[in-house]
Structure formats: C-alpha cells, structure tokens
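Set out below in structure tokens:
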C-alpha cells in the first residue's frame, strides 16, 4: 500500500495500449504521427548531410550501421516496429563481414536486444540479457575499451550505468569501479550475485571514504540488474551508509539510491531520500550538480511524484542562484520546470543554451550540452520540443573525431545522433496525453481508496 500511495510507475502499472497512446497508430493520437515525422526528418538529415570527416574517421558504413540501430531503437519506442526491424536488418547486413570481430559482435547484439525490449514495451532501464554480460566479461582489454567507450556515451545501451572506459583501461581492469564488480559479471546465479552485493555493502560500511563511495556507487548500479525481491533489502541497508561520508560526496549517491527506489517503485523510501538529498545538494560540487539533478528528476518523473519534484527544484534553484553558472545543471532544472508545466520559466533557459551552442567550444562540451538540451526539450510542449531538437541537428556537419575507436565507429557521431533520437522518443513525448490522464486519474482513485481503507481523512 505504501508503494501505491507514492505513485504509479508507468511500465509497471500503465496498460500497454495506453503506454503507446502518444504513438503513431494508437488511439489516433496526433502526437504519435508528429514523433514519427520528426524521426523521419532526422533520418533524412543524417543521410543528406555532408560532414567534415577527420582523416582517420571510421568507414561510413560502420558508423552508419550503428546510426541505423539507434534509429531502430527510436522507431521501436514510438511503436513503429516494422521500420525498427527493417533498420535493424539493414545494420546487420552492413556489418555482416565484421561480426566475427568481438567489438562489433557485442555492440550489434546489445543494440538488437535494446530494440527488442523497446518493441516489447519494456522500460529503458531493463537489464540486458545475462548472455551479453558474459560476452562483455570475456572481451580482452583492448576490445573491452572500445566497447566501453560507446557504452559510456550511449543512454540506449547503458541508461543508468556510467562506465569509465579510459579509467578501466589505464588501471588494466575490466571495470573502473573495481575488480569486485568485474567479478560480479561472472556470477550468473541471481541469489549468489545478490549475496555478493550485500557483502560489498557491508564492506563499504567499514571502509575508508574513497572505497566507501566507490563501493556504494557500484552497488547501486548492480541493484538495478537484480530482481526486486533481492535488491530491495540491500537498498534498505545501503542508502543509510551514505550519511557517513563527507557532505560533498553524498548528493550523487543519494541520487543513485533514488533511481533504484524509483526503478522498483519503492516510493515509501522517497521522502527520507529526498530530505537527505535536499540537504546534500546545497554543497554538491558544481560539476556534479547536473548529474545529481538529472538522475533524481528522472526517477521522480517515472513514478509521477510532482510535488516532490517541485520541492527538489526549489532546493536546487536556491543552490544555483548562489553558485557559478552551470548551464547543464540549469537545463536539468528547466526540464523539471517544463515537466511541471512552468514553460514560461523553462523556455528562456533553453533559448540561452541553444545560443551558447553557436559559440566556440570543445567537441566534448558541445556533445554534452547538446545531450542536455535535447533532454530538456523533451519535457517541453510538443511543438517546442520537436522544433528545438530538429534545430540541433544542424550541428552534424562539423561532428567528427580522431579517437582510437575509429577502428570500428566514429564515437562523436553516435553520441550526437543518439542524443537527438532519445530526445524525440523520450517517455514524456511518447506517452501522450491519454496516457498521462490515465495515470493521474488512476492515482487519484487509488489515493482515495487508501484514505478510506487506512482510515485517513476523507
């Protein structure tokens, strides 16, 4: 009952026909046609743009095949299953000769798994099949680095985990979070994996500051891969340990714990987590604030806790007002404001970020700002959202790189394209008004029933 009182996670509670209410072909909703058209226009823009390619850039067929897989995932998210499967087949054909290469073999299989999960209507955070975990663990150091570079940049492949490819490679480890987490991937038995994660939490509680933060960070990632029956008790033990860390290190971990609670619909934990996060966010380093806000707001949006979002935004807005300007954090704030319907305050922040992209900046900064802006646009009204994201595609002409991953793909192109695809096919744009009304109306009825059955005030 406590979980229901907190809100309705879309993937768990919304009927499938309404999960697709904003999508083309479902209930005749016009927004579905608009999303499909926007994705069609993006696909055409990619195909016709003559980019300035670096001398060492990967073959266009290789990068193009992965772009097709990103688009396939986007079409699958908005209910265009035939187009998704056609692009998936096209990509596999383009890479057919290279599928004996372990890097291509893993990445193609992982993208295909994500496409199938999207077609099945599963949440983006659904873990990849265990067989892919074993395949990943078996890669040699160089192949693992090239796979992890794309996993690090891709919110399709890794919507929650943030691999550190360079860190792991330089430390000669398979997992930058530490050897404990590399070993976890070799455990296929769920109960054994859960037991080991619980042991790592106990180890974290006894460890020094650095190891404690590292172990908790890794454990929160792994909890998302476990069934709720195993993960929930570990979460209950893990999140209070965060309070034993110095204040500047707490906010990121509270945000990660909030993501786990939201993933499993454990909304009874949200008030205490938000209270702790609201205090910690006031001292979070500026370069981590956008990550904290992004993770926290995503978790709260997915379980429909609008009042809690408003409270968190108020805490963050106060912090931003007294700190140096952090444009990506302000974009996360703007996305939250737009979600709450306060577009009058959100749109000026979006406009400021759009103008900033017209200035000179490093490629890394451009890619990250583009992603943050596309994500913020996805919370805005449909016309503003699709218009803004479509305009971002004009930067594609100058996107290229000379990274070592060009042996298999151009990382910067895939990073850039995916940001736009994910923005267009976000939960909030794809769900549609019919789905939103269902969630809000059903929450009202559930809360009324809870008040009646539990003796609350009428």
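In our numbering, the protein residues as written are 82 to 539. The beta carbon of each residue, even a glycine, is placed where N, CA and C say it ideally should be.
{"Asked": "Could you give the first and the last residue of the continuous alpha helix (DSSP H) run that contains residue 344?", "Found": "331-344"}
{"Asked": "Which residue wins for smallest C-alpha separation from residue 322, given the options 164, 287 and 145?", "Found": "287"}
{"Asked": "Over the uninterrupted alpha helix (DSSP H) stretch that includes residue 145, give me the two end residues.", "Found": "141-158"}
{"Asked": "When you compare the region 453-468 with the region 412-428, are there three or more beta-carbon pairs, one atom per stretch, that lie closer than 8 Å?", "Found": "yes"}
{"Asked": "In its own chain, which residues sit with a C-beta less than 8 Å from the C-beta of residue 218, not counting the 5 before and 5 after it?", "Found": "255, 263, 266 and 267"}
{"Asked": "According to DSSP, is residue 103 part of a helix, a strand, or is it coil?", "Found": "Below a pLDDT of 50, predicted positions are generally treated as unreliable, and residue 103, at 43, falls in that range; the measurement from the model is reported next regardless. In this structure, residue 103 counts as coil in the three-state DSSP scheme."}
{"Asked": "Considering only residues of the region 203-249, which uninterrupted alpha helix (DSSP H) runs meet the minimum length of 4 residues and lie entirely inside it, listed in chain order?", "Found": "211-218 and 222-234"}
{"Asked": "Are residue 482 and residue 500 closer than 7 Å when you measure CB to CB?", "Found": "no"}
{"Asked": "Pick from 280, 182 and 408: whose alpha carbon is nearest that of residue 312?", "Found": "280"}
{"Asked": "Could you check whether the region 376-384 touches the region 335-345, counting it as contact only if at least three pairs of C-beta atoms, one from each stretch, sit closer than 8 Å?", "Found": "yes"}
{"Asked": "What's the call for residue 174, buried or exposed, on a 16-neighbour Cβ count within 10 Å?", "Found": "exposed"}
{"Asked": "Would you kindly work out how many angstroms separate the C-alpha atoms of residue 440 and residue 164, rounded to a whole number?", "Found": "37 Å"}
{"Asked": "Check residue 505 in the structure and name its three-state DSSP category.", "Found": "helix"}
{"Asked": "I need the boundaries of the alpha helix (DSSP H) containing residue 442, first residue and last residue.", "Found": "Note, residue 442: premise wrong, no alpha helix (DSSP H); not H, not E."}
{"Asked": "Nearest-angstrom Cα distance between residue 247 and residue 226?", "Found": "7 Å"}
{"Asked": "Measuring alpha carbon to alpha carbon, tell me which of 361, 161, 170 and 160 ends up nearest residue 145.", "Found": "170"}
{"Asked": "Assuming residue 209 and residue 187 make a contact with CB atoms under 8 Å, what is their CB distance in whole Å?", "Found": "Not really, about 10 Å apart at Cβ, beyond 8 Å."}
{"Asked": "Does DSSP classify residue 187 as helix, strand or coil?", "Found": "helix"}
{"Asked": "By a C-beta neighbour count over all protein chains shown, 10 Å radius and 16 as the cutoff for buried, is residue 310 buried or exposed?", "Found": "exposed"}
{"Asked": "Return helix, strand or coil for residue 300, following the three-state DSSP convention.", "Found": "helix"}
{"Asked": "Could you pull out every residue in the same chain whose Cβ sits closer than 6 Å to the Cβ of residue 364, ignoring the five residues on either side in sequence?", "Found": "328 and 329"}
{"Asked": "What separation, rounded to the nearest whole angstrom, lies between the Cα atoms of residue 192 and residue 306?", "Found": "17 Å"}
{"Asked": "Should the region 193-206 be regarded as contacting the region 460-471, the criterion being three or more beta carbon pairs within less than 8 Å?", "Found": "no"}
{"Asked": "Under three-state DSSP, which class holds residue 458?", "Found": "helix"}
{"Asked": "Is residue 148 buried or exposed, if buried means 16 or more other CB atoms sit within 10 Å of its CB?", "Found": "buried"}
{"Asked": "Taking the C-alpha atoms as reference points, what is the distance between residue 213 and residue 142?", "Found": "24 Å"}
{"Asked": "Does the pairing of the region 469-488 with the region 226-240 give three or more beta-carbon distances under 8 Å?", "Found": "yes"}
{"Asked": "Determine the contact status of residue 417 and residue 384, defining contact as a CB-CB distance below 7 Å.", "Found": "no"}
{"Asked": "Taking the Cβ atom as the reference point for each residue, do residue 224 and residue 189 lie within a distance shorter than 7 Å?", "Found": "no"}
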